[in-house]
Amino acid sequence: NSSLHNSHLAWGISFWSRFCKAAVIQVTITMAYVWRVASRTSLPVAAAFATSQLSNGNSRSSRCDSSPYLAPSVDASVPLIGTDATTAKQGAVKKAGFQSDAKGSFKDLFPLRQKFEPKFEYPLWDHNWDDQMPPSTGSDEEDRRRMRNIRKSGVTRHIILVRHGQYDETHKEDGLRTLTPLGRLQAERTGQRLAEMIKGSSDGKSKSCNVKVLRVSGMTRAIETADIISSYLPGVEYAKPDPILNEGRPCHHIPGGKVSEKTVKLTDENHPRIEEAFDKFFHRAEPPSDNDEDDSDETEKHEFEIIVCHANVIRYFMCRALQIPPEAWLRYCPFNCSLTYMTIRSTGSVSCRMVGDTGHLPYDATSFSQHQGFVW
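Quick note: the sequence shown uses this note's numbering, first residue 1018, plus one each step.
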């Protein structure tokens, strides 16, 4: 009996030893994963642990269905006001953009200081991207009520970006880089299409577009394009040319090779201006007051503006507005007098309704710079 007892005791000690060893290994692996998540996302360790449990669990809901970082009672479609809870994860930088104090290079392609850093890790969305989200009232319930009112009664901004028409590229001086006959025809057709949008359909099913202003860069080809478009838009304010919208290199592009010192300098010169232009023209409308009655005509809740500018600028604006890496800008190819159409809701959400649309141009009138048609 003593021998049997000792045998059982030895087996029990061996079992619990193996069990504890396995448990320690599992805990170590789990904590290592949690620490990695916490370090990568800047979440508190407890939140990172919750994230790991959600990602490893058997929940039937996907990340698209609901936010795992918000309580079940929170309506994730209505962001809280003025809190980091709206984006779930606070990034490493206070403001999206180039980080001038960064050292070294990015993948040996360009200076790390010229890499665009988002405020929140891609693909998370920064609800306060334009720094115009109303401050919190201190009550989550009241914040959500206010945001619902903003969504219901606020104004949606519609921004139509128009690339200039085809122009003479044989000269270096801007004043001589005027529209070609094809470029003028493209501008005429674009003006006619925009005029149709303002008028609306005769049966009233397609409501008229409330165009407030026509803007243009300070470069000759854009001004000539806007002049022609403006002739079709009587009653629409035609703002004076704004050089902040001039063409330039907004940032580096990927894919791409190692950049030269000249390109680094050119990016330093152009990026701040083009980023300033984005901040100036891309933002949500002023929010309605809590006392505003929702009795306005539906058309009045939508304000359109047209910006005639340049391919690189349009590409950069689209990437920035959609919060995708701006270094992707060169992957998009907007034709002459194409329309890229963005909407900004009163809550700050952004959508792209058209990308380089040339439906108003016949095939023989489509061009990308000196390339005509699609076969090039």
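Heads up, the beta-carbon is just placed ideally off N, CA and C, and yes, glycines get one too.
Every value quoted in this text rests on a predicted model; they were computed, and no experiment measured them.
Assignment of beta-bridge partners to E1286 by DSSP yields no partner.
Only residues of its own chain outside the window of five on either side were considered, and among them V1233, S1234, G1235, I1240 have a CB closer than 7 Å to the CB of P1258, listed in chain order. In the pairwise beta carbon analysis, the stretch 1281-1292 is classified as not touching the stretch 1352-1359: fewer than three pairs are separated by under 8 Å.
Pairing G1182 with Y1249 gives a Cβ-Cβ distance that is not under 8 Å. Non-local C-beta neighbours of R1206 in its own chain, meaning closer than 6 Å and more than five positions away in sequence, comprise H1377, L1378, ordered along the chain. For R1161, the enclosing alpha helix (DSSP H) stretches over residues 1157-1170. Between the stretch 1361-1370 and the stretch 1165-1174 there are three or more inter-stretch CB-CB distances shorter than 8 Å, so the stretches are counted as touching. By the Cβ-count criterion, D1160 is buried, with 16 or more other Cβ atoms from all chains shown falling within 10 Å of its own Cβ. The C-beta separation of Y1349 from M1335 comes to about 7 Å, placing the pair in contact by the 8 Å criterion. Taking a contact as a CB-CB distance under 8 Å, the pair F1299 and I1176 counts as one, their CB atoms being some 7 Å apart.
Taking the Cα of S1277 as reference, the smallest distance to any Cα among K1132, T1375, P1128, G1155 is reached at P1128. The C-alpha of G1217 lies about 7 Å from the C-alpha of C1226.
Nearest to V1325 by C-alpha distance, out of F1115, G1373, V1392, S1031, is G1373. One thing to note: P1267 has its Cβ within 8 Å of the Cβ of W1346. Here N1329 is not near E1286, since their CB atoms are 8 Å or more apart.
Pairing W1142 with R1130, the inter-Cα distance amounts to about 23 Å. By the C-beta density criterion, H1188 is exposed, having fewer than 16 other C-beta atoms within 10 angstroms.
The shortest CA-to-CA distance from K1318 to any of T1173, K1124, L1202, P1343 is the one to T1173. In this structure, E1322 is the residue among E1322, A1294, P1260 with its C-alpha nearest to the C-alpha of A1302. Setting aside the 5 residues that flank it on each side, S1117 is surrounded in the same chain by R1130, each with a C-beta closer than 7 Å to its C-beta; the list follows chain order.
When beta bridges are read from the DSSP output, F1385 appears opposite H1388.
Between the alpha carbons of S1384 and S1366 lies a gap of roughly 32 Å. With fewer than 16 neighbouring CB atoms inside 10 Å of its own CB, E1190 falls in the exposed class.
Note on geometry: alpha-carbon atoms of V1253 and A1212 lie some 10 Å from one another.
Around the beta carbon of G1273, fewer than 16 other beta carbons lie within 10 angstroms, which makes this residue exposed. If you look at C1336, you'll find it in the alpha helix (DSSP H) that goes 1328-1338. The three-state secondary structure of T1237, taken from DSSP, is helix.
In the DSSP annotation of this structure, the continuous segment of the alpha helix (DSSP H) that includes I1215 starts and ends at 1198-1216. Assigned with DSSP and collapsed to three states, E1134 falls in strand. Of the residues T1242, S1368, F1133, the one whose Cα lies closest to the Cα of T1284 is F1133.
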